[in-house]
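Enquirer: Below is one structure. I have some questions about it.
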Amino acid sequence: MPHATSPLRLGLTGGIGSGKSTVADLWRRAGLRVIDLDAHSRRVLDVPGDGVEDAVARFGEQFRTLGGTIDRAALARLVFADGDARADLERLVLSRVDIAVAAEEAEAARAGERVVVHDSPLLLEKHHEAEYRGVVAVLARREDRIDRVVRDRGKDRAYVESIMAAQVTDLERIRRADRLVLNTADRETLAARARHALDGMLAVLGTGPGDPGDSALR
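4 is the number of the first residue of the sequence shown in this note's numbering; add one for each residue after it.
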């Protein structure tokens with residue numbers, strides 16, 4: 004039997020509050036397979052299993068919740084203050100994320116899908132852009148991003164600004180991404196801009212009529 008062809012990878016990224024997740028949802032509802040790397044990362048510590056057990060073995064039983072998961076807030080306080088602990092946590096989580104992503108990509112290949120999108124908030128911070136045929140970055144005004152996270156997620160301004168400080172700047176996103184989606188108006192405008200960016204990327208990749216995503220968001 005012939006081997007399934009690996010799908011082409013697109014990367015989607017953006018800073019906190021930029022609207023990246025909204026763009027990912029638009030593309031997903033248009034029929035593209037969007038792999039949420041952040042969701043896979045959370046599952047490692049939020050679902051009882053090998054990931055939780057390895058985390059407890061490394062960091063201590065005090066980080067296990069009554070529900071059998073990891074107290075991520077408590078663990079975050081530790082790893083942000085301890086570089087070695089942070090590196091160990093990243094290795095523990097990312098090794099499992101890689102396995103989960105590979106499984107989704109294999110499923111896409113078996114289904115004959117030509118394109119998959121990695122929704123990856125730290126794509127540029129981790130210098131992973133070379134792993135993709137193209138990278139799309141979502142941009143929004145700084146104050147709009149802060150207001151959105153404070154309003155929708157119940158975080159305070161200091162929290163949002165601390166996350167922003169740890170992420171690359173919009174100038175870096177402009178310099179390193181292949182295409183940009185500006186989230187500076189209403190949702191309808193964002194959808195149109197997301198469609199334009201995706202159609203442009205698919206045209207460059209040469210996906211033909213009938214391929215998954217060739218008429219995405221139309």
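We put the beta carbon where it would ideally sit given N, CA and C, even for glycine.
Should residue 149 be labelled buried (16 or more other beta-carbon atoms within 10 Å of its own) or exposed?
Expert: So residue 149 counts as buried.
Enquirer: What are the start and end residues of each continuous alpha helix (DSSP H) run of 4 or more residues lying completely inside the segment 28-66, in chain order?
Expert: The segment 28-66 contains these whole alpha helix (DSSP H) runs: 40-49 and 53-62.
Enquirer: Go to residue 185, then tell me how far its beta strand (DSSP E) extends in each direction, as first and last residue.
Expert: Run containing residue 185: 182-185, per the beta strand (DSSP E) assignment.
Enquirer: For residue 134, collect the residues of the same chain with a Cβ closer than 7 Å to its Cβ; drop the 5 residues on either side in sequence, then sort them by chain order.
Expert: So the list reads 12, once near-sequence residues are dropped.
Enquirer: Buried or exposed, going by whether 16 or more other CB atoms sit within 10 Å of the CB of residue 80?
Expert: By the 10 Å Cβ count, residue 80 comes out exposed.
Enquirer: Bridge partners for residue 80 per DSSP, in chain order?
Expert: Its beta-bridge partners do not exist; DSSP assigns none.
Enquirer: Could you give the DSSP three-state label for residue 150: helix, strand or coil?
Expert: Residue state, collapsed to three classes: helix.
Enquirer: Within the segment 118-167, note down every full alpha helix (DSSP H) run reaching 4 residues or more, in order along the chain.
Expert: Listed in chain order, the complete alpha helix (DSSP H) runs (minimum 4 residues) inside the segment 118-167 are 145-156.
Enquirer: How far does the beta strand (DSSP E) with residue 16 in it reach, from first residue to last?
Expert: Residues 11-17.
Enquirer: Excluding five sequence neighbours on each side, which residues of the same chain lie with their C-beta closer than 8 Å to the C-beta of residue 72?
Expert: Excluding positions up to five away in sequence, the list reads 48, 49, 50, 51 and 55.
Enquirer: Quick one: measure Cβ to Cβ for residue 196 and residue 208, integer angstroms, because I've assumed they're closer than 8 Å.
Expert: Residue 196 to residue 208, Cβ: 19 Å. No contact.
Enquirer: Residues in the same chain with beta-carbon distance under 7 Å from residue 91, minus the five sequence neighbours each way, listed in chain order, please.
Expert: Once the five neighbours on either side are set aside, the close Cβ partners of residue 91 are 61.
Enquirer: Out of 143, 98 and 33, state which residue places its alpha-carbon closest to the alpha-carbon of residue 18.
Expert: When each option's Cα is compared against that of residue 18, the closest is 143.
Enquirer: With a threshold of 16 other CB atoms inside 10 Å of the CB of residue 154, please say whether the residue is buried or exposed.
Expert: It counts as exposed.
Enquirer: To the nearest angstrom, how far is it from the Cα of residue 202 to the Cα of residue 22?
Expert: Cα to Cα, residue 202 sits roughly 19 Å from residue 22.
Enquirer: Whose C-alpha, out of 182, 190 and 187, is nearest the C-alpha of residue 205?
Expert: When only C-alpha atoms are compared, the closest one is 182.
Enquirer: Taking 7 Å as the limit between beta carbons, can you name the residues of its chain near residue 66, skipping five residues before and five after?
Expert: Counting only Cβ-Cβ distances below 7 Å, and skipping sequence neighbours, we find 58, 59, 73, 74, 77 and 78.
Enquirer: Identify the residues that DSSP records as bridge partners of residue 73: which are they?
Expert: Answer is 67.
Enquirer: Alpha carbons only, please: which of 137, 131, 167 and 136 is nearest the one belonging to residue 147?
Expert: The option with the nearest alpha carbon to residue 147 is 167.
Enquirer: Can you check which of these residues, 34, 63, 180 and 122, is closest to residue 100 by C-alpha distance?
Expert: Ranking 34, 63, 180 and 122 by Cα distance to residue 100 puts 122 first.
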